[in-house]
Structures are given as structure tokens and as C-alpha cells.
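Report on the following structure.
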Amino acid sequence: MQPVRRCGGGFRLRAAALPIVGVLAARAGNCRSRGLVADHVGCVVYNERRTTGTTAESEATMHYITAGESHGPELTAIVSGVPAGLKVSADQINSDLSRRQSGYGRGGRQKIERDLVEVRSGVRFGRTLGTPLSLVVKNRDWENWAGRMAAFGEPPADLVREVTPRPGHADLVGALKTNTDDCRNVLERASARETAARVAATGVAREFLAELGVEVFSYVVSIGDVELCEDDALLAAPDYKPLDIEMSEVRCPDPATTEAMKKAIDAAREAGESLGGVFRVVATGLLPGLGGYATSSERLTSRIGAAVLSIPAIKGVEFGLGFEAARRPGSQVHDPIVADETGFTRAGNNAGGLEGGMTTGMPLIVTAAMKPIPTLMQPLATVNMDTLEAAQASRERSDVCAVPACAVVAEGEVAFALANAYQEAFGCTNMTDIKASIRAYKQRIRTMSR
Ligand code: EPS
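Residues in the sequence shown are numbered from 428 upward in steps of one, following my numbering.
Here's what the structure looks like:
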């Protein structure tokens, strides 16, 4: 593999594809320098949560829920707890939706869909009202499925039930759990199509973070056995150029590795195979002290880990050095503390931006492993649920590789968890108060580091 190009420093913009460079530029204008935290409003929420001792996630912070089947009429996301006065741009969310749809190795479905968000509530003249946002993404494929996915009426006479569950998908276990004789009742919702709604929902958190100077991006480290060569990923990662990532059809900042990854995907397609891979999500511009060490539910490590692991097909998550830290002695793991003109900082970032379940102020670096998609054109053995005889698993139209798309979904999940942590620390009600709290926190931290 070619070694990855080292890119110059500078602020990392939120990654975006070419058609949305204009949006990127607008976002860049929003970004503030690395900031800091403390807020009377936030403290009230935080203390209440702690004294009740229930969960770290206050009801006042952002929550989202999605609904919708893969081949139903539309996907819906409701996002509550969004502060009033936040600038929200449908274009920006659409650019994320478009990035999620793209990537070498995607299947036929993405040729049908053109995911666009419709904002149905919670926003007026481009700013949030402090009320729940309802977001809709239409499924264009619905028109081909209206009969088979009708909400009411009798099943069509020619309906073919899915009775040959795919190993690795939710088909069999979901059918057992829900007592259905048609795996479609399960796979429609277990499909990663649902992640389009997540990207719309978490796009709101990304808008929130961008206004506070936090950028979140991702890149692909490996697809199958093709791996990006990085001298020191934890130092290199925050400096990759967004355009290098977005120009790559597999979200890999190195052109030679991109080509090798595409070849691997081609070979997998020809062999009726699918491929997984590894990607990283990086967040820059974070304040130190987000999250908490006092209770298990406050720890950002577990919250971000859970958020990323909630994405279909994710099998592992690492922070910073991750599993490698377990092989090294302590002196080669922990990042020495230094003070410079900006305050306290770290000589390295092996921790990946988290210590004691809290942000350190260094870039957050989360690495995740995605398994290969379970739908195979050379299907594995299964059992026919009607006859209990050996059979071949269902062959559905699918993707050969969706690692780049998954990385975009993970950006959103990480952003959402971080936005929650910001709200807990600085308040939930409106952007002006939140920013005032952040200014006060920054000021106090500056004083402490003198
Ligand atoms: C997806 C849509 C799906 C799949 C894929 C993700 O479309 P369809 O099932 O109509 O081809 O391409 O779903 C899976 C990988 C999965 O395992 O379910 C999407 O929009 O991302």
C-alpha cells in the first residue's frame, strides 16, 4: 500500500462532497476556534440529573427516534430537545444524506433513491423553535412496493414470503422473536436503509456542534484486506483534508489505496461476495471536560461506544490506541500533560481525546469495524422456515460494500452523543445562553491554566 499523504494543519471542515462545497464554505464561516465550557443553566440540568441518580442523559437534551420500513412510503425522524435559535439548513442535511448514499460498492437501490429531507416541524425561517423537529425522507422505491408493503388490506395473491433467512442478518432471530412466518416483516426495519433517517436526525446535532466550533468527519481505513498505510494514525487523522476524503469513492484520503480498495470491491462483486472494513470518525474543536467520571452513565466512552455500536453491522469500536494500548507498557500509552499559550494540552493523543470518560480537548478519534453485508449473491446455507429443509439463503438486491456509507452514519452518531454532552454541560434551552455558558467556562479554564 502507498503511504498516506501527510496533509498540512489547519481547521478541518466538516467533510462534504463536491456538490456541497458551497455549504462547506458556509459552515466554515460558522466555526469558532476551540472553545471551553460552564453554564448556570447547564449546571441546573446536570445537578438535577446527578441528584436523581438515574441517567446521564437528561430529558432536556436532544433525543431522536426514527420510524419507517425500507420499502415503505417514507422514513421519519423526530428530534426533541433541540435548543431554540439554532440555524438549521436542509441543504446541509441533504449533503450528509447524499454522502451516505454514495460510495463505491453500493447497490441498485441507490440508483433509485435521491434522499432529501423534508422538515415538517420545529423550524421557522431557518432557525429552530425549541420544539420537536419532524424530518421526513421519502422512499422513491415505495411505488414498486406499494402492494407488498400496504398498511391495510389483504396480502396480494402473488406475495412471496421470505422464508430462507440470511445468516448474519436479523431475518431468523427477528422472525423467532416476533412470531412471524415472513422474514420481510423483520428485514424491512432491520435494513440499513433506516440509517438515512438517522443521518437526517443527527444532522441537527451536527449543526449544533458546528455553531460551537466542533467539526466531525470520517475516513475509511480498510476495506477487506486492503488497508491505508498510516505512520501514526492518531496524529495524522485530524489533519487529513476533507476534500481528499470526499473526492475518494471509498472515503479514503490516499488515491492509490482508494484504487486498491475499488479493485477489491470489484473482485468481491464478481465472486458474489461482500466486504466489510474499518473506518475512523474524528471530532475536532472539542472542549475539555465533556462527559463525566462520577457515574457509569456519564462516561462518554460508553455513550459514544454505544452510539456507534447501534449502527447495523458494527462489530467493534476502539478509542485512540484501542486494543493496541493493552499490549504496551503504561509509559508508552498515556499522553504527557503540557501547558502552552492555549492552556493545558497533551504531548500526544493515544487516548483518542478521552480520559476518565471525559473529553481532553484533543481530537476525538473513534475507530469502528463493520462486518461484510450478509446478503450474498453466492448465498450461504440456511433452513427453509416452512419446510425445515436445507436451502440457500435469500438473494436480495444489496450492496457489495457499504463501509463508506457507514462511516457517514457514524459521524452523525458521534456528533449526537457529543451534542448531548455539550447540552448537559452548558444548557439545553437556547443557543444564546449556551454560548454564554461556554464563554464563561473557557474563561475559567484559561484562568486555571495560568
Ligand atoms: C440501503 C438500502 C437497502 C440496501 C442496504 C442499505 O436497499 P434494498 O434492500 O432495497 O436494496 O441496499 O441494506 C442493507 C445493506 C441491509 O443489510 O439491509 C440504504 O439505503 O442504505
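We treat Cβ as the ideally placed atom computed from N, Cα and C, and that holds for glycine. Please read these numbers as outputs of a predicted model, since none were measured by experiment.
Secondary structure remark: continuous beta strand (DSSP E) runs of at least 3 residues inside the region 677-748, in chain order: 704-711, 741-746. In the three-state DSSP reduction, Q805 falls in the coil class, being neither helix nor strand. About 29 angstroms separates the beta carbons of T786 and E621, which is beyond the 8 angstroms limit, so they are not a contact pair. M785 is bridged by DSSP to G718, E782.
As summarised for the region 819-865, the continuous alpha helix (DSSP H) elements at least 4 residues long and confined to that stretch are 830-853, given in chain order. Listed in chain order, the non-local C-beta contacts of T558 below 6 angstroms within the same chain comprise G549, local neighbours out to five positions each way being set aside. As DSSP reads the structure, H490 sits in a beta bridge with S507.
Around the Cβ of T814, a 10 Å sphere holds fewer than 16 other Cβ atoms; the residue is exposed.
Distances taken from the Cβ of T558 to the heavy atoms of ligand 1 include none shorter than 7 angstroms. In this structure, T488 and E816 do not form a Cβ contact; the two beta carbons are roughly 51 angstroms apart against a cut-off of 8 angstroms.
A direct Cα-to-Cα measurement between T685 and C828 gives close to 13 angstroms. Of the candidates L543, D523, G532, S561, S561 places its Cα closest to the Cα of S507. Under the DSSP definition of a beta bridge, A817 partners with V810. For ligand 1, no non-hydrogen atom lies closer than 7 angstroms to the CB of T809. Assigned with DSSP and collapsed to three states, A637 falls in helix. Short of 6 angstroms from the beta carbon of M812, and not among the five residues preceding or following it, lie these beta carbons of its own chain, in chain order: V590. Collapsing the DSSP output to three states places M576 in coil. Runs of the alpha helix (DSSP H) spanning 4 or more residues and lying entirely within the region 609-677 occur at 611-617, 622-638, 660-663, 669-674, in chain order. In terms of side-chain proximity, the C-beta atom of G534 is found nearer than 7 angstroms to a non-hydrogen atom of ligand 1. Using a Cβ distance threshold of 8 angstroms, L717 and Y849 count as a contacting pair.
Per DSSP, D767 is one residue of the beta strand (DSSP E) stretching across 764-767. G530 places its beta carbon less than 8 angstroms from that of E676.
In this structure, DSSP gives F750 a helical state, which the three-state scheme calls helix. At least one heavy atom of ligand 1 sits closer than 7 angstroms to the Cβ of S497. G788 is the residue among C855, V836, G788, E581 whose C-alpha sits nearest the C-alpha of P715.
DSSP places E570 within a helical segment (H, G or I) once states are collapsed to three.
Under the DSSP assignment, G601 falls in the alpha helix (DSSP H) whose first and last residues are 598-605. Less than 8 angstroms separates the beta-carbon of N777 from that of G747.
Here the region 585-600 does not lie against the region 537-546, with fewer than 3 beta-carbon pairs under 8 angstroms apart.
In the same chain as G703, and ignoring 5 residues on each side of it, the C-beta atoms closer than 6 angstroms to its own belong to M797, K798, P799, in chain order.
Judged by pairs of C-beta atoms under 8 angstroms, the region 564-582 does not touch the region 599-606, as fewer than three such pairs exist. Relative to the non-hydrogen atoms of ligand 1, the Cβ of P801 comes within a distance shorter than 7 angstroms of at least one.
In the structure shown, A867 adopts helical secondary structure according to DSSP, grouped into three states.
Per the coordinates, the alpha-carbon of M688 lies some 25 angstroms from the alpha-carbon of P594. Boundaries of the alpha helix (DSSP H) around L524: 517-528. Cβ-Cβ distances below 8 angstroms link V735 to V708, I741, V744, V793, A795, A837, E840, V841 in the same chain, with the five nearest sequence neighbours on each side left out; the list follows chain order.
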